[in-house]
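One structure below.
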Amino acid sequence: MRIAVCIALLTAMAGAALATEIPLVQRRSGYSFMSPDSKVMQDEDTANPGMLSVLDGEALWTRKAGTANMACADCHNDASASMKGVAAHYPAFDKALQKPVDLEGRINLCRTNHQQASPFAYESRELLALTAYVARQSRGMPITAGDDPELAPFVEHGHALFMQRQGQLNLGCTNCHDDNWDKKLAGSAITQGQPTGYPLYRLEWQALGSLQRRLRACITGIRAQAYDYGSPELVELELYLMTRARGMPVETPAVRP
Amino acid sequence: LFAACWPANAEELRPYTVAGDAIPASLTGTKGDVARGRALIVERSSTCILCHSGPFPEQAFQGDLAPNLAGSGSRWSEGQLRLRLVDASHLNAATIMPSYYRVDGLARVGTSWRGKPILSAEQIEDIVAYLVTLRN
Ligand code: HEC
Ligand code: HEC
Ligand code: HEC
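Top line first, the protein sequences correspond to chains Z and P. Residue 1341 is where the first sequence starts when you use my numbering, and the numbers rise one by one after that. Residue 1094 is where the second sequence starts when you use my numbering, and the numbers rise one by one after that.
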């Protein structure tokens, strides 16, 4: 009995000491946890299934759409110049909406405001393709999201959501991705939950998917109610994850198991 | 599969008494079934081997977030194991081990799980019956 109490106290102390952010030098992308085969798949454009979406997005970039009958390219010209570095600082603060929007949200704002077209559904082929194409222009660039001081309260809220225990399993993101990222959950590596590669091709999905899709999967995994696509909570979580990954290179389109 | 024997809501949780660091009495009033307990532990839906490993050589995928379950029956009494399963946070507020027989104090539980404990009283007793046999 005395031993049981001691063990309980020790684990409680260890738990408290561990619940801190990962120091800069120890930040590791999900890439570094992968098998050599999966790494090659991400590294070689000809083997990377995500590149099909990027090409799809390249085609959509120049396609006229909406009542305005304008293509993305009509305003933004050459994406390799105009979109370079953009994904690295998203989600960004939108002055008109007074809240952060993620890359998918921004593209849909251009759809509605500038092309006068209907927004693409979340996880639709088109939205994933355009997002992958835009984010591809930042590949290798360091993440800088969260600089805008107007974002501060939203980053803070995203952080609170990351720490919060929830669901029937009563776990917070931090319990796995801060405290146990060097461990295995039923045999599969728990990573640091870094958002560096999105949209990315997940072998388990056999498809490209957004960061929000991944977050909803983790939330459902702990048997909590998943937030709706596009909800403020998911954007705030994305924003916090991007500030947490500050300095790490963008990998889009990445590959994950 | 087990939905039929799960309590439908909070009211149906059976009362239990904590004595020290244990729940001495069976939740169902009867002894659990050892074989069913083992089968449950290795089943994905019980979530145990997401975090734990144990003497389950046929299971390729086991977790390493938690102690190996081998020897649990030597380290803990039946009643201690029961409390550990019912509500591990009672013993260690910071634990990541879920409370398997609790429906209150949880945030944002998904609709399909709301108001239900993770395991039924019968399932808890089956698992406890199995764990006490793990002696080394
Ligand atoms: C008629 C002009 C126009 C069209 C067409 C247009 N955009 Fe935009 N885009 C803008 C403007 C203006 C902004 C600056 C934000 C704002 O005022 O909406 C912008 C901002 C962006 C940004 C964020 C850039 C940054 O640095 O934050 C992205 C990404 C983007 N657009 C992508 C697209 C995509 C993809 C399409 C096609 C689906 C598209 N845009 C179509 C005018 C346009
Ligand atoms: C019980 C453990 C657990 C919890 C709790 C959890 N996750 Fe995960 N998460 C995982 C596992 C396992 C993976 C898959 C490993 C991988 O491929 O990165 C994953 C993957 C991720 C990824 C993808 C990383 C990549 O490299 O693409 C992100 C981002 C992520 N989680 C964020 C979160 C957030 C945010 C929360 C809370 C809302 C959360 N997770 C809760 C276990 C968990
Ligand atoms: C999310 C992780 C997680 C899950 C799922 C989990 N446990 Fe645990 N368990 C732990 C941790 C961590 C400990 C170590 C003590 C603590 O933190 O309270 C533990 C401790 C134990 C112990 C005491 C081990 C010892 O000898 O010290 C037993 C027995 C146990 N768990 C059984 C189970 C069973 C049976 C299940 C499934 C019904 C289960 N656990 C599910 C994380 C988990």
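Glycine included, each C-beta is placed from N, C-alpha and C at the ideal position. Computed from a prediction, not measured in an experiment: that's the story for all the values here.
Test: Asp1219/P CB closer than 8 Å to a CB of chain Z: Within the second sequence, residue 1219/P is the residue found at index 126, counting from 1. Chain Z, which has no Cβ nearer than 8 Å to the Cβ of Asp1219/P, makes this no.
Spatial distance of Val1127/P from Val1221/P (CA atoms): On the second sequence, position 34 is the one that residue 1127/P refers to. On the second sequence, position 128 is the one that residue 1221/P refers to. C-alpha separation (whole angstroms): 8 Å.
Alpha carbon of Leu1581/Z to alpha carbon of Pro1440/Z, nearest angstrom: For this step, residue 1581/Z is matched to residue 241 along the first sequence. For this step, residue 1440/Z is matched to residue 100 along the first sequence. Approximately 13 Å, taken between the alpha carbons.
Buried versus exposed call for Leu1224/P [16 or more other C-beta atoms within 10 Å across all chains shown]: Counting from 1 along the second sequence, the entry for residue 1224/P is found at position 131. In summary, Leu1224/P is buried, with 16 or more beta-carbon neighbours lying within 10 Å of its beta-carbon over all protein chains present.
6 Å CB neighbourhood of Met1481/Z in its chain, flanking five on each side removed: The count along the first sequence starts at 1 and reaches residue 1481/Z at position 141. So the qualifying residues of the chain are Gly1425, Ala1428, Val1590.
Run of the alpha helix (DSSP H) containing Phe1654/Z, from where it starts to where it stops: Coverage of chain Z is limited to positions 1341 through 1597, which leaves residue 1654/Z absent and any answer about it impossible.
Any C-beta of chain P under 8 Å from that of Ala1564/Z: Sequence index remark: in the first sequence, residue 1564/Z carries index 224 (1-based). Output row for Ala1564/Z: interface = yes.
Residue closest to Ala1132/P, alpha-carbon to alpha-carbon, out of Thr1110/P, Thr1123/P, Asp1219/P, Thr1226/P: Taking the second sequence and counting its residues from 1, the one referred to as residue 1132/P is at position 39. The option with the nearest alpha carbon to Ala1132/P is Asp1219/P.
Sheet register partners of Ser1528/Z (DSSP bridge): Within the first sequence, numbered from 1, the residue matching residue 1528/Z stands at position 188. DSSP output for Ser1528/Z lists Leu1525/Z as bridge partner(s).
Contact the stretch 1456-1470 of chain Z vs the stretch 1544-1562 of chain Z: 3+ CB pairs below 8 Å: Yes, they touch.
Contact check, Ala1474/Z vs Met1423/Z, beta carbons under 8 Å: Counted from its first residue, the first sequence places residue 1474/Z at position 134. Counted from its first residue, the first sequence places residue 1423/Z at position 83. Before going on, a small fix: residue 1474/Z reads as Val here, not Ala. It is a contact, given that the beta carbons lie within the stated cut-off.
Inter-residue spacing [alpha-carbon to alpha-carbon] between Ser1528/Z and Leu1158/P: One-based indexing of the first sequence puts residue 1528/Z at position 188. One-based indexing of the second sequence puts residue 1158/P at position 65. Going from the Cα of Ser1528/Z to the Cα of Leu1158/P covers about 11 Å.
Near ligand 2: Gln1534/Z beta-carbon under 7 Å from a heavy atom: On the first sequence, residue 1534/Z is found 194 positions in, with the first residue counted as 1. True, at least one ligand heavy atom lies under 7 Å from that Cβ.
Residue-chain proximity (Leu1158/P, chain Z), Cβ-Cβ < 8 Å: By 1-based counting over the second sequence, the position of residue 1158/P is 65. In terms of beta-carbon proximity, Leu1158/P lines the interface with chain Z, with at least one pair separated by less than 8 Å.
Residue-level contact to chain P via CB, Arg1505/Z, 8 Å cutoff: As a working note, residue 1505/Z is residue 165 in the first sequence. Judged by the 8 Å Cβ criterion, Arg1505/Z is in contact with chain P.
Limits of the unbroken alpha helix (DSSP H) element including Ala1132/P: Against the second sequence, residue 1132/P aligns to sequence position 39. For Ala1132/P, the enclosing alpha helix (DSSP H) begins and ends at 1127-1135.
Proximity test, Cys1141/P beta-carbon vs ligand 3 heavy atom, cut-off 7 Å: To locate residue 1141/P, count along the second sequence from 1; it is residue 48. Look at Cys1141/P: its beta carbon is less than 7 Å from one of the heavy atoms in ligand 3.
Distance cut-off 7 Å: Trp1521/Z Cβ against heavy atoms of ligand 3: In the first sequence, residue 1521/Z corresponds to position 181, counting from 1. Trp1521/Z Cβ: outside cutoff for every heavy atom of ligand 3.
Same chain, Cβ closer than 7 Å to Glu1490/Z, neighbours up to 5 away in sequence not counted: On the first sequence, position 150 is the one that residue 1490/Z refers to. The answer, listed in chain order, is Phe1433.
Cβ neighbour criterion (16 or more within 10 Å) applied to Val1365/Z: Counted from its first residue, the first sequence places residue 1365/Z at position 25. Exposed, since its Cβ has fewer than 16 Cβ neighbours within 10 Å.
Neighbour list for Ala1526/Z in chain P, Cβ cutoff strictly below 7 Å: Taking the first residue of the first sequence as 1, we reach residue 1526/Z at position 186. Correct list: Ile1142, Leu1143, Phe1154, Gln1155, Gly1156.
Chain-order list of residues whose beta-carbon lies under 6 Å from that of Gly1512/Z (same chain, five-residue window excluded): Counted from its first residue, the first sequence places residue 1512/Z at position 172. The answer, listed in chain order, is Met1503, Gln1504, Arg1505.
Bounding residues of the alpha helix (DSSP H) (the contiguous stretch that carries Ala1222/P): For this step, residue 1222/P is matched to residue 129 along the second sequence. Note, Ala1222/P: alpha helix (DSSP H), 1214-1224.
Counterpart residues of Val1595/Z in DSSP-defined beta bridges: Working through the first sequence from its first residue, we reach residue 1595/Z at position 255. Paired residue(s): Tyr1541/Z.
Strand pairing of Gly1549/Z, partner residues [DSSP]: Reading the first sequence from its first residue, position 209 is the one you call residue 1549/Z. According to DSSP, Gly1549/Z bridges with Leu1540/Z.
Beta-carbon contacts of Pro1117/P that lie in its chain and below 6 Å, excluding the five residues immediately before and after: Here residue 1117/P refers to the residue found at position 24 of the second sequence. These residues qualify, in order along the chain: Gly1172.
DSSP three-state assignment for Met1410/Z, whether helix, strand or coil: By one-based count along the first sequence, residue 1410/Z stands at place 70. Correct three-state label for Met1410/Z: strand.
Integer Cβ distance of Leu1577/Z from Gly1486/Z, believed to fall under 8 Å: If you number the first sequence from 1, residue 1577/Z lands on position 237. If you number the first sequence from 1, residue 1486/Z lands on position 146. In this structure, Leu1577/Z and Gly1486/Z do not form a Cβ contact; the two beta carbons are roughly 13 Å apart against a cut-off of 8 Å.
Three-state class that DSSP yields for Pro1482/Z in the structure shown: Along the first sequence, one-based indexing puts residue 1482/Z at 142. Of the three classes helix, strand and coil, the one that applies to Pro1482/Z here is strand, per DSSP.
Asn1229/P CB to nearest heavy atom of ligand 1 below 7 Å: To locate residue 1229/P, count along the second sequence from 1; it is residue 136. The nearest non-hydrogen atom of ligand 1 is 7 Å or more from the C-beta of Asn1229/P.
Bridge-paired residues (DSSP) for Asp1157/P: Indexing the second sequence from 1 puts residue 1157/P at position 64. DSSP output for Asp1157/P lists no bridge partner at all.
beta-carbon Tyr1193/P near ligand 3 non-hydrogen atom, thresh 7 Å: For the purposes of this step, residue 1193/P is identified with residue 100 of the second sequence, where counting begins at 1. Distance from the C-beta of Tyr1193/P to the nearest heavy atom of ligand 3 is below 7 Å.
Contact set for Arg1368/Z: own chain, Cβ-Cβ below 6 Å, skip 5 residues either direction: Here residue 1368/Z corresponds to residue number 28 of the first sequence, with the count starting at 1. So the qualifying residues of the chain are Gln1532.
Of the residues Leu1176/P, Val1179/P, Cys1141/P, the one placed nearest Asn1161/P, counting alpha carbons only: Position 68 of the second sequence, counting from 1, holds the residue named residue 1161/P. Looking at the Cα atoms, Cys1141/P is the closest of the given residues.
Buried or exposed by the 16-neighbour rule on C-beta atoms within 10 Å, applied to Glu1544/Z: Numbered from 1 along the first sequence, position 204 holds the residue referred to as residue 1544/Z. It counts as exposed.
Buried/exposed call for Val1291/Z, threshold 16 Cβ in 10 Å: In the structure as shown, chain Z begins at 1341 and stops at 1597. Residue 1291/Z is therefore absent and cannot be evaluated.
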